[in-house]
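Notes to accompany the following structure.
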RNA sequence: CGGGGCGUAGCGUAGUGGCCAGCGCGCCUGCUUUGGGAGCAGGAGAUCGGGAGUUCAAAUCUCCCCGCCCCGACCA
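In the working numbering, the protein residues as written are 217 to 801.
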């Protein structure tokens, strides 16, 4: 260790917020090079390599073959797939000396698709799964949390190629199983949640989330085992209500100044109270004006209708409108639609309810089923409608998940009330289908000599993010506590005191153990006080700390378990056995 | 991109117009010290984020720019 390239820091870096970030920097595993870009130091690199090695084993076991693409790529394939535009500012773009467009790859679907197209043309060559462990680049608007969201990061991306949907399902299952084994071997807690496929396109998609309060993804789960990303949660539609001739007709009521839901409810309970109960926010139909912005910049104003007690969740809505982005309508957008009276918008002027040809699209929350009765805007200032029945008095252009999800909402599969938690996205698997194969022309001949478009899956693990997630969930007040599988070394050997015999003995142990296949970090620094060595050992976080020092005179060596803090004085002859036991070997 | 905080040595910081910019950690030399971040003595290390301006005088005031952190928007 006297020669190890390492400098531990006594104080937390001022620009770090998360425990994992602070500790990885203080313990000398990584250094920040630029915003969201980190350099790997010897210890950090060892951990990264170990995670990669485990991942490779699981990929090979699942039948995937490793390749390696450049990170620097020509623009053409991405222009063909449309992602050169779709990715927008997230893409690092550059030009060569001849003004040719290049990019630093954010992910490699196109390249894998083209590689297979280049070499294969028969159904006999399938199924095939390829993978790589590569550095990816994304010019994130706001990199944060050290390794958790960087602009450069290490990712394992795998791609499966099959002739049909059944094959894809099999390849997908194989990767899914490999992922569960991988995360289990790391000892990293994970939840598999349903996800929306987003910019990737495709159908089935699941995320592996490491539950953590510092995670950026919100997900829900139910006691019955349902789990989904908040963006992907579906709302179980209440049963339709059949109305009859006794169902009262709607009525326009004056509601001066009731521009907000809260005001409206208060006024309604006073001016036209219900017989059976008080009016609630959930009795109102709130209509919110939004704009969908296409990657081309084209703007479409549309309105969503949802129960008045719910807020619009732009994230959830946006996930369903990909690749368009959704934002609240601005003043300029509203000016183009004078029929939309802010605070008093009702279905009457929206979508199919309007006679106008350019009526804005009207999408509603799944709770607005046929037969439900609402208080909603009358499309003129200071007036609302009471008793407007969906299906009878108005209709819409379709349902959309646009409302916030709340703890306690029912799971769509009836498995109980949902709880909301946060997680770090450590893996994401997709059934892409034919999206990339189609635009890039990847097809093979089937047994009848007919060209069939290949169907693909895409499977990612954020390797550097996994490292951060492990650090985030494996530490204590004095430092990191690595699981043995990924620790830079298994044993941190400390020699204390100034007795030469101690150092000789420790060196001897280090050599023997290394020979026996145990990785040892040996703190042989002679002019460093014991306190510093102990503190460093705890900060660095090897699973076992061995101390050769004052006990040696009696033939005793101290062995500590980093995680539990348990200490034992062991006779020298039994130390190796004890260490191996602690390491679980 | 909006809101907030900030930028002084490798790290953490003090310094709101006035002498050679101070302290702790770390680093170097010497002596002492060695089971919980040692002591003494000496030393190296700073274009005070950059530029322009105001002033007899700027880390400190003004303007512009750059960068960092947090929240939001955004985000396989």
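C-beta: ideal position from N, C-alpha, C; glycine also.
Subject >> DSSP three-state assignment for residue 415, whether helix, strand or coil >> reply: Low per-residue confidence applies at residue 415: pLDDT is 47, beneath 50, and the placement is therefore not dependable, though the value from the model is reported in the following sentence. Residue 415: helix per DSSP, three-state reduction.
Original post:
How is the alpha helix (DSSP H) around residue 275 delimited, first residue to last?
Top reply: 258-277
Subject >> DSSP state of residue 392 mapped onto helix, strand, coil >> reply: helix
Original post:
Where does residue 219 land, buried or exposed, given buried means 16+ other C-beta within 10 angstroms?
Top reply: exposed
**OP:** Return the CA-CA distance between residue 405 and residue 733, expressed in angstroms with no decimal places.
**Re:** 28 angstroms
Original post:
Enumerated in chain order, which unbroken segments of the beta strand (DSSP E) with a length of 3 residues or greater are wholly contained in the stretch 596-646?
Top reply: 599-605
Original post:
What's the C-alpha gap between residue 698 and residue 678?
Top reply: 18 angstroms
Subject >> Between the CA atoms of residue 636 and residue 629 - distance to the nearest angstrom >> reply: 16 angstroms
**OP:** Classify residue 492 as buried or exposed, calling it buried when 16 or more other Cβ atoms lie within 10 Å of its own Cβ.
**Re:** exposed
Original post:
Taking Cβ positions, are residue 542 and residue 550 nearer each other than 7 angstroms?
Top reply: no
Original post:
residue 644: buried (16+ other C-beta within 10 angstroms of its C-beta) or exposed?
Top reply: buried
Original post:
Quick one: complete beta strand (DSSP E) runs, 3+ long, within the stretch 712-760?
Top reply: 736-739
**OP:** Return the Cβ separation of residue 157 and residue 729 in integer angstroms, given the expectation that the two are a contact with Cβ distance under 8 angstroms.
**Re:** The question about residue 157 has no answer here: the residues shown for the chain are numbered 217 through 801.
Original post:
Near residue 383, which residues of its chain fall below 6 angstroms by C-beta distance, leaving aside the five closest residues on each side in sequence?
Top reply: 343
Original post:
Can you round the beta-carbon distance between residue 398 and residue 282 to whole angstroms, since I take them to be within the 8 angstroms contact cut?
Top reply: That belief does not hold up - the Cβ atoms of residue 398 and residue 282 are roughly 15 angstroms apart, past 8 angstroms.
**OP:** Could you tell me how far apart the beta carbons of residue 567 and residue 612 are, in whole angstroms, since I believe they sit closer than 8 angstroms?
**Re:** 6 angstroms
Original post:
Going by beta carbon distance, what residues of the same chain come within less than 6 angstroms of residue 690, once the five residues before and after it are set aside?
Top reply: 697
Original post:
Can you give the beta carbon distance from residue 240 to residue 316, rounded, assuming they're within the 8 angstroms contact cut?
Top reply: About 38 angstroms; that fails the 8 angstroms criterion.
Original post:
How would you label residue 416, buried or exposed, when you count the other beta carbons within 10 angstroms and need 16 or more for buried?
Top reply: With a pLDDT of 46 at residue 416, under the threshold of 50, the modelled position of that residue is not reliable, and the figure given next carries that caveat. It counts as buried.
Subject >> Unbroken alpha helix (DSSP H) run spanning residue 248, endpoints >> reply: Element bounds for residue 248: not the alpha helix (DSSP H) but the beta strand (DSSP E), 246-250.
**OP:** In angstroms with no decimal places, state the Cα-to-Cα distance between residue 330 and residue 336.
**Re:** 10 angstroms
**OP:** Measure the Cβ-Cβ separation of residue 467 and residue 565 and say whether it is below 7 angstroms.
**Re:** no
**OP:** Please classify residue 699: does DSSP put it in a helix, a strand, or coil?
**Re:** coil
Original post:
Is the distance from the Cβ of residue 676 to the Cβ of residue 378 below 7 angstroms?
Top reply: no
Original post:
What is the rounded straight-line gap between the Cα of residue 739 and the Cα of residue 711?
Top reply: 6 angstroms
Original post:
In or out: residue 486 buried (at least 16 other Cβ within 10 Å) or exposed?
Top reply: exposed
Subject >> In chain order, each beta strand (DSSP E) run of at least 3 residues that lies wholly inside the stretch 523-553 >> reply: 541-544
Original post:
Terminal residues of the continuous beta strand (DSSP E) containing residue 659?
Top reply: 659-661
**OP:** Taking 8 angstroms as the threshold, find out whether the stretch 454-471 comes into contact with the stretch 572-590 through three or more Cβ pairs.
**Re:** yes
Original post:
Distance, Cα to Cα, residue 403 vs residue 429?
Top reply: 18 angstroms
**OP:** Determine, using beta carbons only, whether residue 687 and residue 236 come nearer to each other than 7 angstroms.
**Re:** yes
**OP:** Evaluate residue 351 with the Cβ neighbour count: other Cβ atoms within 10 Å of its Cβ, from every protein chain shown; 16 or more gives buried, anything less gives exposed.
**Re:** exposed
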